[in-house]
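One structure is given here, and the rest of the page talks about it.
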Amino acid sequence: MEIPPRPTLFDFHGVPMTRYFTDNWENVQKFKARPDDIVLASYPKAGNTWVSYILDLLYCRQTLPEQQDSVPLFQRVPFLELYVPGFLNGVDGANQLTGFPRIIKTHLPVQFLPQSFWEQNAKIVYVARNAKDSVVSYFHFDRMNKVQPEPGDWSSFLRRFTEGEMVFGSWYEHVTGWWEKKQTRSNILYLFYEDLSEDFDRELNRLCSFLGVSPSADSKKHVTEKVLFNNMKQNKMVNGSTNEAFDFNVSAFIRKGNVGDWKNHFTVKQDEEFNEDYKRKMKNTDLHFRTIL
Ligand code: A3P
1 MEIPPRPTLF DFHGVPMTRY FTDNWENVQK FKARPDDIVL ASYPKAGNTW VSYILDLLYC
61 RQTLPEQQDS VPLFQRVPFL ELYVPGFLNG VDGANQLTGF PRIIKTHLPV QFLPQSFWEQ
121 NAKIVYVARN AKDSVVSYFH FDRMNKVQPE PGDWSSFLRR FTEGEMVFGS WYEHVTGWWE
181 KKQTRSNILY LFYEDLSEDF DRELNRLCSF LGVSPSADSK KHVTEKVLFN NMKQNKMVNG
241 STNEAFDFNV SAFIRKGNVG DWKNHFTVKQ DEEFNEDYKR KMKNTDLHFR TIL
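Under full-length UniProt numbering, the residues of the sequence shown are numbered 1 to 293, in order.
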C-alpha cells in the first residue's frame with residue numbers, strides 16, 4: 001500500500017478527527033448491529049488491543065481456531081470507523097465476519113456510537129486508562145503511525161492533549177462521556193487498564209460474568225498466558241507487524257505496557273501544570289484513575 005501524506009485534524013461535529021475516521025461516516029452511522037454483538041470501545045491507547053485479544057480468545061478460538069495463526073487481530077476484530085480506501089474498511093470488515101459473536105472495536109466518543117447498538121442493546125466493554133499514561137502512549141503511537149497527524153515534539157503534544165486537539169478529541173470528554181452513559185445503561189462494562197495490570201484474574205472474571213460466559217479453568221489459563229505483554233509483543237498476528245502504516249524503527253506498537261511510564265516523560269513543571277488543569281476539567285465527575293500502582 002502506498003502511504004499518503006499524514007492527515008490533518010479538522011473539526012467534525014465538535015470533535016477533532018481525520019478523514020480516515022469520517023470518510024465512511026454514513027455507513028458507520030447506518031451500521032446494523034445485532035443483539036449479540038460485543039463492542040469494545042476506548043479512547044486511543046487505553047489497552048484496546050489487549051482487551052480485544054482477550055475477547056477474541058474467549059469466543060473466536062472456539063468457533064474459528066484456525067484463524068489464530070493466520071488472520072491478524074485487526075481483521076478478526078474490525079475497527080468500525082476506520083476507512084483507508086482500498087486498504088481498510090471497518091464497516092465491511094464487521095459485516096463480513098463469520099465468527100460468533102462479532103467483536104467490534106471503536107474509538108468513537110459515546111455520542112457518535114451508531115444508534116443501532118443502543119437499539120439492539122449490544123454489550124459494550126469500555127476500557128479506560130489514566131490520562132498521563134494515555135498521552136505518553138499516544139505520543140509514541142503518533143510518531144510511528146504514518147496515518148496519524150504529525151505529533152510534533154513531546155511538549156507541544158502534551159499541550160494539545162490537554163486542549164483536546166487529538167484524533168477522537170478530548171480524553172477528558174471521552175472517558176467521562178462513557179462513564180456518564182454507563183450510569184444509565186446496564187449493557188456497559190467500564191474497565192480500567194490499571195486494574196487489568198494490577199490483578200488480571202480478577203478483571204477477567206469480571207469480564208466473563210458481564211458477558212455471561214463461564215470458561216473452564218484451562219481456557220482461562222490459556223487466555224491469561226496468550227495475553228501476557230511479552231507474548232503479545234512476540235505474536236505477529238497481534239503486534240501490528242502486518243500493518244504497513246507502522247514504522248517499527250520509530251517505536252513498537254506493543255511498546256512498554258506499564259502503569260506509570262509517564263514519569264519518564266513529564267518534567268516536574270509539566271506534571272504540576274497538568275495536575276492543576278486535570279483537577280479543573282475533572283471536578284464534576286466521580287470517575288477516578290490511578291496513575292501509579
Ligand atoms: P504503551 O504505549 O504504554 O506501552 P491500544 O491497544 O488501545 O492502542 O493501547 C496500546 C497500549 O496498550 C500500549 O501502551 C501497549 O503497549 C499496551 N498493551 C498492549 N498489550 C498489552 C498487554 N498485553 N499488557 C499490557 N499492556 C498492553
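Note that the Cβ used here is the ideal one computed from N, Cα and C, for glycine as well.
Which of helix, strand or coil DSSP assigns to residue i
i	result
residue 291	coil
residue 106	strand
residue 205	helix
residue 11	strand
residue 232	helix
residue 82	coil
residue 128	strand
residue 275	helix
residue 97	coil
residue 89	strand
residue 181	helix
residue 165	coil
residue 252	coil
residue 43	coil
residue 33	coil
residue 223	helix
residue 66	helix
residue 265	coil
residue 214	coil
residue 281	helix
Close beta carbons around residue i, own chain, < 6 Å, minus the five adjacent residues each side
i	result
residue 192	128
residue 233	239 and 254
residue 251	140, 143 and 144
residue 150	6
residue 291	130 and 132
residue 42	48 and 127
residue 87	1
residue 259	194, 197 and 293
Cβ shell of residue i (< 7 Å), same chain only, five flanking positions each side left out
i	result
residue 90	78, 79, 80, 81, 82 and 83
residue 29	114
residue 245	3, 145, 146 and 147
residue 247	144 and 146
Residue i, buried or exposed, once every other Cβ within 10 Å from all chains shown has been counted against 16
i	result
residue 1	exposed
residue 104	buried
residue 8	exposed
residue 157	buried
residue 213	exposed
residue 249	exposed
residue 93	buried
residue 155	exposed
residue 194	buried
residue 58	buried
residue 236	exposed
residue 221	exposed
residue 199	exposed
residue 44	buried
residue 176	buried
residue 11	exposed
residue 243	buried
DSSP beta-bridge partners of residue i
i	result
residue 123	38
residue 17	10
residue 188	124
residue 145	246
residue 196	Answer is none; residue 196 lacks a bridge partner.
residue 24	BP columns for residue 24 are empty, so no partner.
Other residues of its chain near residue i: CB distance less than 8 Å, five sequence neighbours each side excluded
i	result
residue 164	16, 170, 171, 172 and 173
residue 54	204, 207, 223 and 227
residue 73	49, 52, 53, 56, 237 and 238
residue 225	231
Is the segment 136 to 145 touching the segment 113 to 120, taking contact as three or more C-beta pairs under 8 Å? no
Between the segment 265 to 281 and the segment 146 to 164, do three or more beta carbon pairs fall short of 8 Å? yes
Touch test, the segment 197 to 216 against the segment 106 to 116, Cβ-Cβ under 8 Å, three pairs minimum: no
Is the segment 93 to 102 touching the segment 53 to 72 in the sense that three or more CB pairs, one from each, lie closer than 8 Å? yes
When the Cβ atoms of the segment 46 to 57 are set against those of the segment 219 to 237, are three or more pairs found closer than 8 Å? yes
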